[in-house]
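Peer 1: First, the structure itself, so that you have it in front of you.
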Amino acid sequence: VVSAPGDTTDELLALIDSREQPELFAALLQQLTEKLGLLIQRTLNEQNAAVLISKVQSCFVKVPGFLPAAKFNDVLAIGEPLSSHLLAALLNQQGLTATAIDARDFLRLDGSEVQYEVSSSWLAPFETSGIKVVTGYIARDLQGNSITLGRNGSDYSATIVGRLVTVSYTHLRAHET
């Protein structure tokens, strides 16, 4: 379970806060895009870096559309998928089998309450072999909106994922016998 790189979440918060100042917003967006692009280039080979940089750029293109709709959690949720894809790409580049998984694809909360039954029904990505690199800090509410789990949310996510995978594995083993 991974967090956003470095101070990315704080920089995304600054981006949200600058939404009423177009010049500052554009400068911060450009700065963050370049910083993350450099991280990717320093981590991956040229071919893999190009693919991930393209994904990052397509995420940042959506940011201006999220702001008027007050979809701040969608903006704040950019860093974790980047980390997940970056680590999975690096592991694959090194000859291991790894898959990036966005926790929003399975993790559901009702307010602050984890909905374990609903969440465990979405665990198909965990049934494949290889290393799973899961986003921390982010989930969805029962209406499908992106939500964040607050500071130390990635640690909390790791605990939730551990429980979900353990319960799912135990359930599968019980049906095999």
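Sequential numbering of the sequence shown, starting at 391, is according to my numbering.
C-beta atoms are modelled at their ideal positions from N, C-alpha and C, and glycine is treated no differently.
Which residues mark the beginning and the end of the alpha helix (DSSP H) in which L405 is found?
Peer 2: 398-407
Peer 1: Are the CB atoms of A493 and V524 nearer to each other than 8 Å?
Peer 2: yes
Peer 1: Out of Q533, S547, L532, which has the shortest C-alpha to C-alpha gap to L539?
Peer 2: S547
Peer 1: For I537, collect the residues of the same chain with a Cβ closer than 8 Å to its Cβ; drop the 5 residues on either side in sequence, then sort them by chain order.
Peer 2: N463, L499, I528, A529, R530, D531
Peer 1: What would DSSP say about D500, mapped onto helix, strand or coil?
Peer 2: Looking at D500 - three-state DSSP - the assignment turns out to be strand.
Peer 1: Look at the alpha carbon of G396 and the alpha carbon of L486, and state the distance between them as a whole number of angstroms.
Peer 2: 25 Å
Peer 1: Going by other Cβ atoms of all chains shown within 10 Å of its Cβ, with 16 needed for buried, is P412 buried or exposed?
Peer 2: exposed
Peer 1: Is DSSP giving V391 helix, strand or coil here?
Peer 2: Correct three-state label for V391: coil.
Peer 1: Considering only C-alpha positions, which residue in the set T489, L405, T556 is nearest to I468?
Peer 2: L405
Peer 1: Pop quiz: T518 and T556 are said to be a contact at Cβ under 8 Å. What is the actual Cβ separation, rounded to whole angstroms?
Peer 2: About 18 Å separates the two Cβ atoms, so there is no contact after all.
Peer 1: With DSSP as the reference, please indicate the residues paired to T489 in a beta bridge.
Peer 2: K522
Peer 1: Could you give the DSSP three-state label for R541: helix, strand or coil?
Peer 2: coil
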